[in-house]
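J.: Protein chains in written order, with the UniProt record's numbering: chain A, 1 to 244; chain B, 1 to 244. The structure is given below, and queries will be raised subsequently.
Protein chains: 2
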Amino acid sequence: MSQPVFVLVRPQMGENIGAAARAMWNFGLDRMRITSPRDGWPNQKAVAMASGAGRLLDEAGIFDSTAGALQDRTHVFATTARPRGLTKPVVTPERAMEMAAGMIGRGEKVAVLFGPERAGLENDDVVRANTIINVPVNPDFPSLNLAQCVLLCAYEWRRHTVETAPERTDMAGTQWATGIEVEKLSGHYEERLDEAGFFFPAHKADTMKLNLRNLWSRMPLTQADVQTLHGVLRQMVRWKNRRD
Amino acid sequence: MSQPVFVLVRPQMGENIGAAARAMWNFGLDRMRITSPRDGWPNQKAVAMASGAGRLLDEAGIFDSTAGALQDRTHVFATTARPRGLTKPVVTPERAMEMAAGMIGRGEKVAVLFGPERAGLENDDVVRANTIINVPVNPDFPSLNLAQCVLLCAYEWRRHTVETAPERTDMAGTQWATGIEVEKLSGHYEERLDEAGFFFPAHKADTMKLNLRNLWSRMPLTQADVQTLHGVLRQMVRWKNRRD
Chain A
1 MSQPVFVLVR PQMGENIGAA ARAMWNFGLD RMRITSPRDG WPNQKAVAMA
51 SGAGRLLDEA GIFDSTAGAL QDRTHVFATT ARPRGLTKPV VTPERAMEMA
101 AGMIGRGEKV AVLFGPERAG LENDDVVRAN TIINVPVNPD FPSLNLAQCV
151 LLCAYEWRRH TVETAPERTD MAGTQWATGI EVEKLSGHYE ERLDEAGFFF
201 PAHKADTMKL NLRNLWSRMP LTQADVQTLH GVLRQMVRWK NRRD
Chain B
1 MSQPVFVLVR PQMGENIGAA ARAMWNFGLD RMRITSPRDG WPNQKAVAMA
51 SGAGRLLDEA GIFDSTAGAL QDRTHVFATT ARPRGLTKPV VTPERAMEMA
101 AGMIGRGEKV AVLFGPERAG LENDDVVRAN TIINVPVNPD FPSLNLAQCV
151 LLCAYEWRRH TVETAPERTD MAGTQWATGI EVEKLSGHYE ERLDEAGFFF
201 PAHKADTMKL NLRNLWSRMP LTQADVQTLH GVLRQMVRWK NRRD
């Protein structure tokens with residue numbers, strides 16, 4: 001599936017360009033564009049930081065203006081810390097990447113603009129955007145850095161495009177205990193604990209037994225768990241008999 | 001609302017502890033616990049990196065074991081890069097923080113474990129967890145660092161707890177053009193363009209007019225936009241008359 005282009009506008013430190021590349025590739029995005037990198041291009045600090053994601057820098061498009069970087073784009077998102085008074089819709093990264101996935105599915109060419117470390121995007125850049133992305137951070141501490149903002153957008157892109165079962169589990173293939181197995185376990189404990197005089201006083205016995213059965217049935221027991229629990233009880237009985 | 005405790009297990013570099021504190025506070029979380037920080041405690045590099053989020057470090061609980069840090073918790077999530085063969089549910093950060101919000105709403109005390117930079121959590125730590133969190137990264141480049149993993153979990157926590165209108169807009173208070181205003185705009189253009197001989201050839205005129213009307217109605221026009229567009233057309237007419 002094609003993907004949005006992430007455009008770093010006038011980035012300052014090479015380390016941040018490299019960290020942004022890593023953040024993109026962590027979530028499968030590899031189309032980076034850069035406008036007027038402060039320290040020129042290529043940038044060795046960017047390469048060093050990008051390490052495994054260096055390919056993104058090799059293939060990055062370098063432009064001398066935001067307009068140039070957006071020439072072939074049909075929809076542009078701009079990330080800003082505090083939305084200005086510009087007349088544009090402001091959405092969360094979640095909503096933005098959901099929109100982007102839909103647009104790209106319909107053949108649109110999408111870009112996401114990220115501003116320079118210090119100041120962020122200028123209005124001159126933001127006016128070129130169709131939609132503003134604003135990360136809903138803690139208003140008392142809205143200090144996301146460039147790579148973090150890229151990370152959150154890339155994460156949301158993957159969340160809305162790659163089919164990850166909402167809840168995978170390592171327990172695939174484990175043998176779950178069946179109703180009858182849990183029933184037998186309950187019965188085993190009830191019987192032995194009855195002999196042991198556990199259900200006392202008598203007028204509380206029924207409630208105690210009910211609660212115990214409920215305890216077993218509430219647990220996500222595997223067949224192995226059940227065997228272990230049977231074993232525990234058997235051993236206690238053996239031990240008791242030994243002590244007689 | 002009470003919140004989950006984020007536990008950094010045996011963190012190595014102070015910078016990463018500070019960055020984790022920033023990432024938490026970016027999304028309004030301020031309950032940090034740390035077990036056996038490699039370089040001791042307090043850690044000046046952590047303080048320097050945390051800057052605005054230094055309070056989290058001052059108030060962080062320091063423990064000498066994972067068990068100690070979890071004593072008062074009722075549900076524990078463990079973040080791992082590659083889920084081991086342990087019999088536990090594995091969920092995404094999204095699902096985990098959704099679960100955590102529900103649990104905390106019901107009075108449970110939740111912790112999220114984050115492993116050391118290099119190796120991540122050991123099985124000894126993971127067995128103490130009820131649920132494993134696995135970030136669905138690019139399998140070809142699953143290299144999230146500690147602070148990034150903390151950032152994504154904190155982001156998801158805020159996403160599932162703080163009411164942020166899904167789609168805020170800077171256009172609150174702008175005067176949208178009414179149907180009649182758009183109608184008049186369409187009429188104005190149609191009339192003048194007709195005079196100008198725009199709708200040619202004749203047999204295409206109706207379709208061209210329909211498309212033009214559709215163009216105006218498709219746009220989210222403000223009253224100011226409408227005035228601008230009227231002005232544009234008037235000016236073209238003035239200009240034309242001047243040139244006669």
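Glycine residues also receive a C-beta, built at the ideal position from the N, C-alpha and C atoms.
In or out: A:ALA178 buried (at least 16 other Cβ within 10 Å) or exposed?
T.: Checking the sequence shown, residue 178 of chain A turns out to be Thr, not Ala. Exposed: under 16 other Cβ atoms inside 10 Å.
J.: Consider the Cβ of A:SER143: report whether some Cβ of chain B lies at a distance smaller than 8 angstroms.
T.: At least one chain B Cβ lies under 8 angstroms of A:SER143.
J.: For residue 282 of chain B, report the span of its alpha helix (DSSP H) as first-last.
T.: Residue 282 of chain B lies beyond the residue range present for chain B, which begins at 1 and ends at 244; the question has no answer from this structure.
J.: Which term fits A:THR228, buried or exposed, when burial requires 16 or more other beta carbons within 10 angstroms of its beta carbon?
T.: The residue is exposed, with fewer than 16 neighbouring Cβ atoms inside 10 Å.
J.: Which chain B residues are close to A:PHE27, counting only those with a beta carbon under 8 angstroms from its beta carbon?
T.: Near A:PHE27 (Cβ distances below 8 angstroms), the residues of chain B are VAL137, ASN138.
J.: Using 8 angstroms as the threshold, is the C-beta distance between A:PRO42 and A:PRO11 below it?
T.: Result no, Cβ atoms of A:PRO42 and A:PRO11 do not sit closer than 8 angstroms.
J.: In the DSSP assignment, find the unbroken beta strand (DSSP E) run with A:LEU113 in it and report its ends.
T.: Its beta strand (DSSP E) spans residues 110-114.
J.: So, A:ASN130 versus A:THR80, is the Cβ gap smaller than 8 angstroms?
T.: No.
J.: Can you find at least 3 beta carbon pairs, one from the segment 105-115 of chain A and one from the segment 69-77 of chain A, that sit closer than 8 angstroms?
T.: Counting Cβ pairs under 8 angstroms, three or more are found: they touch.
J.: Quick one, are the C-beta atoms of B:LEU144 and B:VAL137 less than 8 angstroms apart?
T.: Yes. Within cutoff.
J.: How many angstroms separate the CA atom of A:VAL182 from the CA atom of A:ASN211?
T.: Their backbone Cα atoms lie some 14 angstroms apart in a straight line.
J.: Leaving out the 5 sequence neighbours to the left and right, which residues in its chain are closer than 6 angstroms to A:LEU151 when beta-carbon positions are compared?
T.: Contacts found: ALA23.
J.: Who does B:PHE63 pair with in a DSSP beta bridge?
T.: Answer by DSSP bridge pairing, in chain order: B:THR35.
J.: What does the alpha-carbon distance come out to for the pair B:ARG31 and A:ARG95?
T.: Between B:ARG31 and A:ARG95, the C-alpha separation is close to 29 angstroms.
J.: Would you say A:VAL162 lies against chain B (beta-carbon separation less than 8 angstroms)?
T.: Yes, A:VAL162 counts as interfacial toward chain B.
J.: Helix, strand or coil for B:PRO93, going by three-state DSSP, please let me know.
T.: Three-state result, B:PRO93: helix.
J.: Going by Cα to Cα distance, which pick from A:MET13, A:LEU8, A:GLN3, A:PHE27 is closest to B:GLN148?
T.: Per the Cα distances, A:PHE27.
J.: Could you check the C-alpha separation between A:PRO4 and A:LEU233 for me, to the nearest Å?
T.: Each residue's Cα considered, the two are about 60 angstroms apart.
J.: From the DSSP secondary-structure annotation, give me the bridge partner or partners of B:HIS75.
T.: Paired residue(s): B:VAL110.
J.: Mind checking who B:THR131 pairs with in its DSSP beta bridge?
T.: Bridge partners of B:THR131: B:PHE77.
J.: Return the residue from the list B:ILE180, B:VAL127, B:GLY120, B:VAL90 that minimises the CA-CA distance to B:GLN223.
T.: With distances taken between Cα atoms, B:GLN223 lies closest to B:ILE180.
J.: How about residue 245 of chain B and B:PRO93: are their beta carbons less than 8 angstroms apart?
T.: As shown, chain B starts at 1 and ends at 244. That puts residue 245 of chain B outside it, with no answer to give.
J.: Would you grab the beta carbon distance between A:MET97 and A:HIS160 for me? Rounded to a whole angstrom, and I think it's under 8 angstroms.
T.: About 5 angstroms separates the two Cβ atoms, so the contact holds.
J.: Going by alpha carbons, who is nearest to A:THR35 out of A:GLY54, A:ASP125, A:ARG82, A:MET49?
T.: Answer by Cα proximity: A:ASP125.
J.: Relative to the C-alpha of A:ALA100, which candidate in A:ARG158, A:PHE141, A:ARG128 has its C-alpha closest?
T.: Residue A:ARG158 is the option with its Cα nearest to A:ALA100.
J.: If you drop the 5 nearest sequence neighbours on each side, which residues of the same chain put their C-beta closer than 6 angstroms to that of B:VAL226?
T.: Around B:VAL226: ALA177, GLU181, LEU185.
J.: Name the one or two DSSP bridge partners that A:LEU8 has.
T.: A:ILE34, A:PHE114, per the DSSP bridge assignment.
J.: B:GLY52 touches chain A at which residues, Cβ-Cβ below 7 angstroms?
T.: Correct list: PHE141, SER143.
J.: Using only the alpha-carbon positions, how far apart do A:TRP25 and B:GLU195 sit?
T.: Going by the C-alpha atoms only, they are around 56 angstroms apart.
J.: Using only the alpha-carbon positions, how far apart do A:ARG238 and A:GLY231 sit?
T.: Taking the straight line joining both Cα atoms gives about 10 angstroms.
J.: Excluding the 5 residues preceding and the 5 following B:PHE6 in the sequence, name in chain order all residues of the same chain whose CB lies nearer than 8 angstroms to its CB.
T.: ALA20, MET24, LEU29, ARG31, MET32, ARG33, ALA111, VAL112, PHE114, VAL150, CYS153, ALA154, listed in sequence order.
J.: Mind checking the segment 226-244 of chain A against chain B and listing, in chain order, the residues whose C-beta falls within less than 8 angstroms of any C-beta there?
T.: If the cut-off is 8 angstroms between Cβ atoms, the segment 226-244 of chain A has nothing near chain B.
J.: Which term fits A:VAL162, buried or exposed, when burial requires 16 or more other beta carbons within 10 angstroms of its beta carbon?
T.: With fewer than 16 other Cβ atoms within 10 Å, it is exposed.
J.: Would you give the residue range spanned by the alpha helix (DSSP H) that B:GLY179 belongs to?
T.: Note, B:GLY179: alpha helix (DSSP H), 179-195.
J.: So with Cβ pairs under 8 angstroms, would you call B:ALA20 a contact of chain A?
T.: Taking Cβ atoms only, chain A never reaches closer than 8 angstroms to B:ALA20, which makes this a no.
J.: Is there at least one Cβ from chain A nearer than 8 angstroms to B:LEU151's Cβ?
T.: B:LEU151 counts as touching chain A.
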